[in-house]
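First residue of the sequence shown? That's 1 in the UniProt record's numbering, and the numbers climb one at a time after it.
The beta carbon of each residue, even a glycine, is placed where N, CA and C say it ideally should be.
Okay, structure first, notes after.
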Amino acid sequence: MAPEPVRGTFVGLATLDVVQRVSRPPGPNEKVTALRQDIAAGGPAANAAVVFAALGGRARLVTALGRSSGAGLVRSDLERNGVEIVDLTPHRDAPVSISSITVVDATGERSVVSPDAGTETVPAPSDPMPLVGDADVVLIDGHHPAVALATARAARAANLPVVVDAGRWKPVMADLLPLADDVVCSADFRWPGTADPSTSAQTIRVSAGARLVAVTRGPSPVLWWEGEDAGEVAVPAVTAVDTLGAGDAFHGAYAWWRTQPGRSAADRLGRAAVVAARRCASIGPRAWLADLPVPDGGAG
1 MAPEPVRGTF
11 VGLATLDVVQ
21 RVSRPPGPNE
31 KVTALRQDIA
41 AGGPAANAAV
51 VFAALGGRAR
61 LVTALGRSSG
71 AGLVRSDLER
81 NGVEIVDLTP
91 HRDAPVSISS
101 ITVVDATGER
111 SVVSPDAGTE
121 TVPAPSDPMP
131 LVGDADVVLI
141 DGHHPAVALA
151 TARAARAANL
161 PVVVDAGRWK
171 PVMADLLPLA
181 DDVVCSADFR
191 WPGTADPSTS
201 AQTIRVSAGA
211 RLVAVTRGPS
221 PVLWWEGEDA
231 GEVAVPAVTA
241 VDTLGAGDAF
251 HGAYAWWRTQ
261 PGRSAADRLG
271 RAAVVAARRC
281 ASIGPRAWLA
291 DLPVPDGGAG
């Protein structure tokens with residue numbers, strides 16, 4: 001009998017991404033013709049859940065969608081990619097958040113305009129434990145603050161590993177990071193009052209008490225600190241053709257490897273970097289998933 005797949009709960013933002021691939025970004029009051037267009041679900045937690053499912057896990061996304069036509073497109077894409085959705089606002093009529101994205105053909109660099117979670121406050125679930133209780137890992141992006149804190153506290157109470165995707169500083173991070181076991185930051189993330197990624201990471205360790213803090217830096221090595229240990233993890237060299245969602249892919253893969261026993265911090269981060277590199281080397285938000293799961297030993 002095959003073993004039960006590992007389970008992950010992902011808490012946070014789901015958007016509708018409209019992606020235009022262009023030869024160059026438009027200037028003021030200018031129109032350019034897109035080389036390609038893609039429409040897919042987006043958002044840090046949503047994209048991470050898709051990657052976790054592609055690696056073989058059972059992914060549950062706790063988010064706020066509602067019943068608009070755009071929300072239907074988001075739901076359809078996520079379910080098609082193996083993600084179970086728990087919609088905390090099923091009767092909401094407001095439109096789902098739409099991200100307008102351009103990707104430059106020559107470099108793969110992306111620009112994003114999005115309302116993120118918008119101005120509507122999503123209340124915490126009355127009993128968050130059923131959302132996290134059967135998970136092997138819980139990843140939280142902080143975009144719905146009340147939901148983020150409630151699920152993080154429930155996960156800690158259940159002794160489940162909590163991973164925080166720290167892409168940008170949000171006020172909720174001051175309360176959320178002390179509930180995290182692992183904090184995986186972008187190079188742009190700063191604890192208030194710190195000037196660089198290393199100082200920010202050290203402050204998170206001291207002030208928030210995270211067991212592991214890592215900083216991703218695009219094609220540069222990933223920096224990490226865990227207890228008295230620290231190090232760097234090389235990122236595979238690829239020709240980047242589409243960097244949209246690369247950080248989300250990293251987080252989803254890291255969550256997957258966080259469920260695998262006996263893996264060191266460097267090993268988990270290295271394998272996540274392989275997955276993110278594969279994302280960057282493929283055009284479009286979903287085609288690259290056909291290359292997953294990464295075979296054991298693929299962190300190379």
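Using the Cβ count rule (16 or more neighbours within 10 Å means buried), how would you classify A237? Counting from 1 along the sequence shown, the entry for residue 237 is found at position 237. Classification for A237: exposed.
In angstroms with no decimal places, state the Cα-to-Cα distance between A230 and Q202. As a working mapping, residue 230 is identified with position 230 in the sequence shown. As a working mapping, residue 202 is identified with position 202 in the sequence shown. Within the model, the alpha-carbon separation for A230 versus Q202 is close to 11 Å.
Straight-line CA distance for S282 to L55? For the purposes of this step, residue 282 is taken as residue 282 along the sequence shown, with counting starting at 1. For the purposes of this step, residue 55 is taken as residue 55 along the sequence shown, with counting starting at 1. For S282 and L55, the distance between alpha carbons rounds to 17 Å.
The segment 92 to 102 touching the segment 159 to 169, judged by at least three CB pairs closer than 8 Å: no
Classification of T15 by the beta-carbon crowding that lies within 10 angstroms, buried from 16 upward: Start at 1 with the first residue of the sequence shown, and residue 15 comes out as number 15. Classification of T15: buried, given that the 10 Å Cβ count is 16 or more.
How long is the line joining the alpha carbons of D134 and A94, rounded to whole angstroms? Locating residue 134 in the sequence shown gives position 134, where the first residue counts as 1. Locating residue 94 in the sequence shown gives position 94, where the first residue counts as 1. Using only the alpha carbons, I get a separation of about 31 Å.
For the alpha helix (DSSP H) that L176 lies in, which residues bound it at each end? If you number the sequence shown from 1, residue 176 lands on position 176. M173 to L176 is the span of the alpha helix (DSSP H), which, as asked, contains L176.
So for D136, helix, strand or coil by DSSP? On the sequence shown, position 136 is the one that residue 136 refers to. Note: D136 maps to coil in three-state DSSP.
Tell me whether Q20 sits in a helix, a strand or coil according to DSSP, three-state version. Position 20 of the sequence shown holds residue 20. Strand at Q20.
V11 classed as buried or exposed, judged by whether at least 16 other C-beta atoms fall within 10 angstroms: Mapped onto the sequence shown, residue 11 falls at position 11. That one is buried.
How would you label G300, buried or exposed, when you count the other beta carbons within 10 angstroms and need 16 or more for buried? What you label residue 300 is simply residue 300 of the sequence shown in a count that begins at 1. Low confidence applies here, because G300 scores a pLDDT of 37, under 50, leaving its location unreliable and the question unanswered by this model.
Say the cut is 7 Å; is the CB of A273 nearer than that to a heavy atom of the ligand NAP? Looking at this structure, you won't find the ligand NAP or any other ligand, since it has none at all.
Taking residue 301 as the reference, give the member of G209, L244 and R286 with the closest Cα. Only positions 1 to 300 of the chain appear in this structure, which leaves residue 301 out of reach.
Going by Cα to Cα distance, which pick from N81, A195, R279 and R156 is closest to D136? Within the sequence shown, numbered from 1, the residue matching residue 136 stands at position 136. Ranking N81, A195, R279 and R156 by Cα distance to D136 puts R156 first.
Delimiting residues of the beta strand (DSSP E) encompassing T151: By one-based count along the sequence shown, residue 151 stands at place 151. No beta strand (DSSP E) holds T151; the alpha helix (DSSP H) holding it covers P145 to A157.
Looking at the structure shown, is G33 part of a helix, part of a strand, or coil, going by DSSP? Start at 1 with the first residue of the sequence shown, and residue 33 comes out as number 33. In the sequence as presented, Gly is not what sits at residue 33; that position holds Thr. Here T33 sits in coil by DSSP.
Buried or exposed for S69, going by 16 or more other Cβ atoms inside 10 Å? As a first step, residue 69 is located in the sequence shown; it is residue number 69 there, counting from the start. Classification of S69: exposed, given that the 10 Å Cβ count is below 16.
Would you please state the rounded distance, in angstroms, between the beta carbons of D141 and D165? I believe it to be under 8 Å. The residue you call residue 141 lines up with position 141 of the sequence shown. The residue you call residue 165 lines up with position 165 of the sequence shown. Separation of the CB atoms of D141 and D165 is rounded to 4 Å, and the pair is thereby assigned contact status at 8 Å.
Tell me the DSSP bridge mates of W224? Taking the sequence shown and counting its residues from 1, the one referred to as residue 224 is at position 224. For W224, which the question treats as bridged, DSSP gives the partners A214 and G231.
Mind checking whether H251 and V184 have CB atoms under 8 Å apart? Residue 251 sits at position 251 when you count from the first residue of the sequence shown. Residue 184 sits at position 184 when you count from the first residue of the sequence shown. Against a cut-off of 8 Å, the Cβ pair of V184 and H251 comes out as a contact.
Please return the same chain residues whose Cβ sits closer than 6 Å to the Cβ of V6, not counting the five positions on each side in sequence. By one-based count along the sequence shown, residue 6 stands at place 6. Hits under 6 Å: G57, D136 and T259.
Give me the Cβ distance between V235 and V222, rounded to the nearest whole Å; I'm assuming they're in contact under 8 Å. Taking the first residue of the sequence shown as position 1, residue 235 is located at position 235. Taking the first residue of the sequence shown as position 1, residue 222 is located at position 222. Confirmed, Cβ separation roughly 7 Å.
Range of the contiguous beta strand (DSSP E) that encloses A106: The residue labelled residue 106 in the question sits at position 106 within the sequence shown. That residue, A106, is in no beta strand (DSSP E); it is neither H nor E in DSSP.
Since I believe E226 is in contact with R211 (beta carbons under 8 Å), could you give me their beta-carbon distance rounded to a whole number of angstroms? Start at 1 with the first residue of the sequence shown, and residue 211 comes out as number 211. Start at 1 with the first residue of the sequence shown, and residue 226 comes out as number 226. Yes, R211 and E226 are in contact; Cβ-Cβ is about 6 Å, under 8 Å.
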